[in-house]
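The numbering used here puts the first residue of the sequence shown at 452, with every later residue one more than the last.
Below is one structure, written out as structure tokens; comments come after it.
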Amino acid sequence: MNWDRIEGNWKQLSGKVKEKWGQLTDDDLTRVNGNREQLEGVLQQRYGYAKDKAKEEIDRWSNSL
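In structure tokens form, the structure reads like this:
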């Protein structure tokens, strides 16, 4: 799924995001609000991912939708 569609359906997809990355809080998801770069940053904070790793994880997840 392309990121524009994810961003447009963020409220519906935020549950799937939380399933995938359980350490994210509701506040994190609200702050991200569908913004890919924000999600990358939050994943880096919560999981200690490098920037490239965060991008890979998001790509893998979004392609599985």
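The C-beta atom is built at its ideal place from N, Cα and C for all residues, glycine as well.
{"Item": "Alpha-carbon to alpha-carbon, residue 495 and residue 504", "Value": "9 angstroms"}
{"Item": "Nonlocal neighbours in the same chain, by C-beta distance under 6 angstroms from residue 471, ignoring five residues either side", "Value": "512"}
{"Item": "Buried versus exposed call for residue 485 [16 or more other C-beta atoms within 10 Å across all chains shown]", "Value": "buried"}
{"Item": "Buried or exposed by the 16-neighbour rule on C-beta atoms within 10 Å, applied to residue 490", "Value": "buried"}
{"Item": "Between the CA atoms of residue 461 and residue 477 - distance to the nearest angstrom", "Value": "12 angstroms"}
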